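> Position one of the sequence shown corresponds to residue 3 (our numbering), numbered consecutively onward.
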Amino acid sequence: MYGNNYPNDFDNNQNNTQGIYSAYQSTPPIPEESEKKHGLLKKLAVAGSVGLCFGLFAGAGFYGVYSLTGMDQDNGAKTAVETQAPASAQSTGVVSAGNANMITAVTTDVTGVVEHAMPSVVSITNVFTEQSNFFGQKIESPNEASGSGIIVGENDTELLVVTNQHVIADADTLYVQFIDGNQAQAQVKGYDSEKDLAVIAVPLDEIESSTRDSIEVATLGDSEALTVGEPAVAIGNALGYGPSVTTGVISALDREIEGNGNGNKLIQTDASINPGNSGGGLFNINGEVIGINSNKIGGTFVEGMGYAIPISSARPIIEDLMSKTTKGAKVSEGEKSYLGISGVNVTEEVSQMYGLPKGVYVGQVYEGTAAQKAGLVRGDIITKFDGSSVSSMEELQSMMEYYAAGAEVEITIQQGSPGGYQEKKIMVVLGSRDEAEE
């Protein structure tokens, strides 16, 4: 054994000492000072040898455990996740559960996505008149509702924003607030209630130059290229408190929600979509719009299930709405137009039950009115008014509030025939209630 525990009679037995050195080396005894140094070197050598042996055995043990459990593949899985992350997002952690196919958590930094996308998202305030009935007396009072929108383009005079139709429904006045906190009044350009989409316009000359420098037109992505499980970022005016961000993944694609009634196949995500988020953007990890969020779909019955209208199916509708003439403010009470019909709503349920097109069923046409002069008859179903889809009598009346008596508009109807319903377009010169009563 190695050590420095010499026999008790070491100093008194020189012959013994000489015998020891003779057996192992031919050099004379080491002086005291050199012997201390030599003893120190021995200690270091022994400690190093023990540490090396421990490291070898420990390494062999860990390698055996990794080999048996398959954990030796985790490094490859982590590398694959990290190298696939684009420059706009950074993977900050991967927790594995035994092998590359059991990744349990991926924490992603989406600050790059938000920096790119947030300037294209706006907050929308809808000022409308709320009607109530108090002991038979009709009472009207102003009220407000909040929503979100996405800047999708501009023309020579206007900045164009897409949102949900239900966000702007029944609006007396619309306000758009930008990322820098400045706001401007907006006007309705067009909407499609069946798809729950609308485009509103903000005059460019009402937007401050500093605001124009801070905002961006959104980049529209391809929702048909989505994969279940990929990251999703929702940005919108949650609860009306201003721009906020929630994150999640694409939970499912092509969802058809019973009772939704808009014919859309939707994107499902677990990114929180709350009241006020409607009309805001669902973005991919590259900061591209992949969907238009809607809190109306699904509501708050369950948690972790939000829905968005896929941008690929919404794009042609948005482009059509952007090309329409801006409606301006609602006309005054004395200028309001009148069509001259009574109508019944053909809802999704009624449509499926009786095989009727969705829209407004004309139950009666009054004598001497614009409807009679244009050739509308009982049994016709109005599906569009001036190019915008119509789903109810209330919606038709709301649309007409932007048109003064004497305006000429195109109305699309479905008219019954022996071969089924046929689409027909007719031009109507809107009248006034006073003319109809004469």
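Just so it is clear, CB atoms sit at the ideal spot from N, CA and C, and this is done for glycine as well. Since we're looking at a predicted model, the values are computed, not measured.
Do you know how far the Cα of G357 is from the Cα of S274?
Residue mapping note: residue 274 aligns to position 272 of the sequence shown, counting from 1. Residue mapping note: residue 357 aligns to position 355 of the sequence shown, counting from 1. Going by the C-alpha atoms only, they are around 37 angstroms apart.
> Do the CB positions of L323 and M402 come within less than 8 angstroms of each other?
If you number the sequence shown from 1, residue 323 lands on position 321. If you number the sequence shown from 1, residue 402 lands on position 400. No, they are not a contact pair.
> Whole angstroms are fine: how far does the CA of S400 sit from the CA of S93?
Along the sequence shown, read from residue 1 onward, the residue named residue 93 stands at position 91. Along the sequence shown, read from residue 1 onward, the residue named residue 400 stands at position 398. Unreliable positioning characterises S93 in this predicted model, as indicated by a pLDDT of 47, which lies under 50. The coordinate reading is nonetheless provided below. Straight-line Cα distance between these residues: approximately 49 angstroms.
> With C-beta atoms as the reference, is S296 less than 8 angstroms away from Q270?
Here residue 296 corresponds to residue number 294 of the sequence shown, with the count starting at 1. Here residue 270 corresponds to residue number 268 of the sequence shown, with the count starting at 1. Result no, Cβ atoms of S296 and Q270 do not sit closer than 8 angstroms.
> Could you check the C-alpha separation between N166 and D198 for me, to the nearest Å?
Here residue 166 is taken as the residue at index 164 of the sequence shown, counted from 1. Here residue 198 is taken as the residue at index 196 of the sequence shown, counted from 1. N166 and D198: Cα-Cα distance of roughly 5 angstroms.
> My output table needs one value for P121: the three-state DSSP class, helix, strand or coil.
By 1-based counting over the sequence shown, the position of residue 121 is 119. Three-state result, P121: helix.
> In chain order, what residues of the same chain have a beta carbon less than 7 angstroms from the beta carbon of N145, not counting five sequence neighbours either side?
What you label residue 145 is simply residue 143 of the sequence shown in a count that begins at 1. Correct list, in chain order: F130 and E132.
> What residues in its chain sit with their C-beta under 6 angstroms from that of R257, if we drop five residues either side in the sequence?
In the sequence shown, the residue the question calls residue 257 occupies position 255. L268 and Q270.
> Given this structure, state the Cα-to-Cα distance separating G310 from K427, to the nearest angstrom.
Sequence index remark: in the sequence shown, residue 310 carries index 308 (1-based). Sequence index remark: in the sequence shown, residue 427 carries index 425 (1-based). Per the sequence shown, the amino acid found at residue 310 is Ala instead of Gly. Cα to Cα, the separation comes out at about 32 angstroms.
> At 4 residues or longer, and completely inside the stretch 181–244: list those alpha helix (DSSP H) runs for me, N to C.
With a minimum length of 4 residues, the continuous alpha helix (DSSP H) runs that stay inside the stretch 181–244 are 211–216.
> If you draw a straight line from the alpha carbon of N286 to that of P121, how long is it in whole angstroms?
In the sequence shown, residue 286 corresponds to position 284, counting from 1. In the sequence shown, residue 121 corresponds to position 119, counting from 1. Using only the alpha carbons, I get a separation of about 15 angstroms.
> Could you give the C-beta distance for E2 and V201, rounded to a whole number, given that I count them as a contact under 8 angstroms?
Past the boundaries of the shown model lies residue 2; the chain is included only from 3 to 440, so the question cannot be answered.
> List the residues that DSSP assigns as beta-bridge partners of N425.
For the purposes of this step, residue 425 is taken as residue 423 along the sequence shown, with counting starting at 1. Strictly speaking, residue 425 in this sequence is Glu, with Asn absent from that position. DSSP, once it has assigned bridges, lists Q416 as partnering E425.
> Thinking just about the alpha-carbon of each residue, which of F180, V123 and E351 is nearest to the one in V154?
Within the sequence shown, the letter at position 152 stands for residue 154. The candidate whose alpha carbon is nearest that of V154 is V123.
> Let me confirm a value: Y405 is counted as buried when at least 16 other C-beta atoms fall within 10 Å, else exposed. Which label applies?
Position 403 of the sequence shown, counted from the start, is the residue given in the question as residue 405. Counting Cβ neighbours within 10 Å, Y405 comes out buried, since at least 16 surround it.
> How far does the beta strand (DSSP E) with D256 in it reach, from first residue to last?
For the purposes of this step, residue 256 is identified with residue 254 of the sequence shown, where counting begins at 1. Run containing D256: S246 to R257, per the beta strand (DSSP E) assignment.
> Taking the beta carbon of N239 as the centre, do at least 16 other beta carbons fall within 10 Å, making it buried, or is it exposed?
The sequence position of residue 239 within the sequence shown is 237, counting from 1. Buried is the call here.
> Do three or more CB pairs link the stretch 344–363 to the stretch 380–399 at distances below 8 angstroms?
They touch, by the three-pair rule.
> Does chain D have any CB closer than 8 angstroms to the CB of M401?
Of the chains in the structure shown, none is chain D; there is only one protein chain.
> Going by beta-carbon coordinates alone, are G289 and A119 separated by less than 8 angstroms?
Here residue 289 is taken as the residue at index 287 of the sequence shown, counted from 1. Here residue 119 is taken as the residue at index 117 of the sequence shown, counted from 1. Yes, the Cβ-Cβ distance between G289 and A119 is below 8 angstroms.
> Which residues in the same chain as E142 place their Cβ atom closer than 6 angstroms to its Cβ, once the five residues preceding and following it in sequence are excluded?
Residue 142 sits at position 140 when you count from the first residue of the sequence shown. Cβ neighbours of E142 beyond the five flanking positions: T131 and Q133.
> Whose C-beta lies closer than 6 angstroms to the C-beta of N266 among residues of the same chain, with five residues either side of it excluded?
By one-based count along the sequence shown, residue 266 stands at place 264. For N266, where only same-chain residues beyond five positions count, the Cβ hits under 6 angstroms are I311.
> Using the rule of at least 16 other Cβ atoms within 10 Å of the residue's Cβ for burial, across every protein chain shown, is D215 buried or exposed?
The residue given as residue 215 occupies position 213 in the sequence shown. By the 10 Å Cβ count, D215 comes out exposed.
> If you draw a straight line from the alpha carbon of D194 to that of S391, how long is it in whole angstroms?
Your numbering for residue 194 matches position 192 in the sequence shown. Your numbering for residue 391 matches position 389 in the sequence shown. Their Cα atoms are separated by approximately 5 angstroms.
> Near D382, what residues of its chain come up, given a Cβ to Cβ distance below 6 angstroms and the 5 sequence neighbours on each side ignored?
Residue numbering aside, residue 382 sits at position 380 when the sequence shown is read from its first letter. Hits under 6 angstroms: V364, I415 and Q417.
> Is DSSP giving A372 helix, strand or coil here?
Residue 372 sits at position 370 when you count from the first residue of the sequence shown. Here A372 sits in helix by DSSP.
> Could you check the C-alpha separation between V367 and V379 for me, to the nearest Å?
Within the sequence shown, residue 367 is the residue found at index 365, counting from 1. Within the sequence shown, residue 379 is the residue found at index 377, counting from 1. Whole-angstrom Cα-Cα distance: 6 angstroms.
> Alpha carbon to alpha carbon, what distance is there between V431 and A409?
By one-based count along the sequence shown, residue 409 stands at place 407. By one-based count along the sequence shown, residue 431 stands at place 429. Going from the Cα of A409 to the Cα of V431 covers about 6 angstroms.
> Are V169 and G149 closer than 8 angstroms when you measure CB to CB?
Mapped onto the sequence shown, residue 169 falls at position 167. Mapped onto the sequence shown, residue 149 falls at position 147. Cβ distance < 8 angstroms, so V169 and G149 count as in contact.
> Using only CA atoms, which one of G377, F387, S393 and V333 lies nearest to D174?
Sequence index remark: in the sequence shown, residue 174 carries index 172 (1-based). For the residues G377, F387, S393 and V333, the minimum Cα distance to D174 belongs to V333.
> Out of M307, A372, L206 and G223, which one is the CA nearest neighbour of T249?
On the sequence shown, position 247 is the one that residue 249 refers to. Nearest C-alpha to T249: M307.
> Going by DSSP, name the residue or residues bridged to E157.
Here residue 157 refers to the residue found at position 155 of the sequence shown. Reading off the sequence shown, one finds Asn at residue 157, where the question assumed Glu. DSSP output for N157 lists no bridge partner at all.
> Compare the Cα-Cα distances from D182 to each of K326, P245, A373 and E425 and report the closest residue.
Taking the sequence shown and counting its residues from 1, the one referred to as residue 182 is at position 180. If we check each option's Cα against that of D182, P245 comes out closest.
> Please check the pair L162 and I209, which I expect to be a contact at CB under 8 angstroms, by giving their CB distance rounded to whole angstroms.
Counting from 1 along the sequence shown, the entry for residue 162 is found at position 160. Counting from 1 along the sequence shown, the entry for residue 209 is found at position 207. Not quite, the Cβ-Cβ distance comes to about 12 angstroms (not below 8 angstroms), so this is no contact.
> Measure the C-alpha to C-alpha separation of F136 and E321 and round it to an integer number of angstroms.
The residue given as residue 136 occupies position 134 in the sequence shown. The residue given as residue 321 occupies position 319 in the sequence shown. So the two alpha carbons sit approximately 44 angstroms from each other.
> Which whole-angstrom value is the C-beta distance of L255 and I313, which I expect to be below 8 angstroms?
Residue mapping note: residue 255 aligns to position 253 of the sequence shown, counting from 1. Residue mapping note: residue 313 aligns to position 311 of the sequence shown, counting from 1. So it is not a contact: roughly 13 angstroms between Cβ atoms.
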